[in-house]
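Everything on this sheet refers to the single structure shown next.
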Amino acid sequence: MTVQADQIQLNAALSTPVMLADKKQTVYLRVGLIGFRIEKENVAPINVALVIDQSGSMRGEKIRRAKDAAIMAIERLRQDDIIAVVTYNHSAEILLSANKAQDKEMLKAAINQLISGGQTALYDGIEKAAKEVRKFLERNRINRIVIVSDGLANVGPSTPEELGALGASLGKENITVTTIGLGLGYNEDLMTQLSEKSDGNHAFAENPDELTDFFDHEFGDILSVASQEVDVAIIGVDGVRPIRVLGREAQIQGEQVLVKLNQLYSQQEKYVLVELEVPPIKANQERMIAGVAVIYRNMDTDIMERNHLFA
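Numbering (numbering that gives the first Met the number 0) for the sequence shown: 0 to 310.
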């Protein structure tokens, strides 16, 4: 079943469209949300902080490629976009404070000065980046932290749980964190917890020469955000009870599931997968399983809008 609203497209599908009669059973409901098409000139202004690992393990080709990728990202920014750059080794430093991306030659020159050495204070780097993003934190901006690292956090808070909690906290502020793990030595669990808890992206770059492509893809996403503050409600009908949500943070309150997605991209899909308990039904009986509603901020109009369907 699909409903096309003025903007976001909602669709819903059951894992078991035909059920056994007179028997309580479990089904999975997949709710898809597809961002509406947004023209390039209508993309909301960006507020981004790049966080670059410059610890000793980044020496040589890794730091050179990280600088190339950061410079490529700067080239894609518009004059009203905000950029900050934070670097970290044994501690974090603000290389470029948050400001408009107007003097690109100055920005690129600062990045080219980076050298590697020291340990890996990942948590401190993200905290400082968040402070820079907060300087221009607005609901009509796309607020993001993009971090690249090849190693393990070994200074300050360093467990997946601690970094995941930081990501969740930033997500509540509508700041999304994207993590790019470089090489085979980084802590994948830690980096994915950080990104997933904030509804961000995670990528694995096996070789340094892949970094530019990953940055290019990431900034393609940033420059295609169609909706933010996306709240999804899934409500069981006539005794249908939600059991759990797979792969996403969610609140279950009685027969209702509440899921928050920070962003939807133009013509890209995100989905929510819910396990439901369905009470017995009679043979040859059609029934409604759940209602779905979504409320979101349209980044083209800066207006909160709503869509719904029944499955």
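Each residue gets a CB set at the ideal place from its N, CA and C atoms; glycine is no exception. These numbers were taken from a predicted model, which means no experiment stands behind them.
Residues that residue i bridges to, as DSSP identifies them
i, result
"M303", "R296"
"K269", "L32"
"P241", "L275"
"A48", "A83 and I144"
"T332", "Given that the chain is displayed from residue 0 to residue 310, the structure contains no residue 332 and the question cannot be resolved."
"V256", "I233 and I251"
"A202", "I179"
"S54", "DSSP, once it has assigned bridges, lists no residue as partnering S54."
"Y122", "Partner(s): none; Y122 has no beta bridge."
"V291", "I233 and L308"
Of the listed residues the options, nearest to residue i (C-alpha basis)
i, options, result
"E248", "N46, L181, G170 and T177", "G170"
"R240", "M287, M71 and N200", "M287"
"A386", "V132, M71 and R75", "Absent from the structure is residue 386, since the part of the chain shown begins at 0 and ends at 310."
"K196", "L260, I234 and S54", "L260"
"I81", "I37, V293 and I73", "I73"
"I45", "T178, Y295 and V145", "V145"
"V231", "A292, F214 and M71", "A292"
"D79", "F135, H89, A120 and Y87", "F135"
"H201", "D215, L183 and T178", "T178"
"I70", "E40, M298 and L210", "L210"
"G166", "M303, A109 and G124", "G124"
"D67", "L113, F35, K39 and E92", "L113"
Own chain, CB closer than 6 Å to residue i, minus 5 neighbours either side, in chain order
i, result
"L162", "L189, Q192 and L193"
"V42", "L222"
"D301", "N139"
"R75", "F218"
"E126", "none"
"D342", "Absent from the model: residue 342. The displayed extent of the chain is 0 to 310, so no value can be given."
"A12", "R29"
Reduced DSSP secondary structure (H/G/I, E/B, other) of residue i
i, result
"A20", "coil"
"I110", "helix"
"S14", "coil"
"E92", "strand"
"A232", "strand"
"F218", "helix"
"A282", "coil"
"T211", "helix"
"V176", "strand"
"Q192", "helix"
"S115", "coil"
"I7", "coil"
"S223", "coil"
"N261", "strand"
"K99", "strand"
Residues of its chain near residue i, where Cβ-Cβ distance is below 7 Å and the 5 sequence neighbours each way are ignored
i, result
"R58", "S115"
"N283", "none"
"R296", "R138, S226, Q227, E228 and M303"
"G290", "I234, V236, H307 and F309"
"N111", "K66"
Contact set for residue i: own chain, Cβ-Cβ below 8 Å, skip 5 residues either direction
i, result
"N173", "L136, R138, N142, Q227, E228 and N261"
Inter-stretch contact (C-beta, 8 Å, three-pair minimum) for the segment 13-26 and the segment 253-266
no
Kindly confirm or deny that the segment 258-272 and the segment 213-232 touch, where touching means at least three C-beta pairs closer than 8 Å.
yes
Indicate whether the contact test is met: 3 or more Cβ pairs, each with one atom in the segment 28-39 and one in the segment 272-285, closer than 8 Å.
Touching, yes, given that three or more Cβ pairs across the two stretches are closer than 8 Å.
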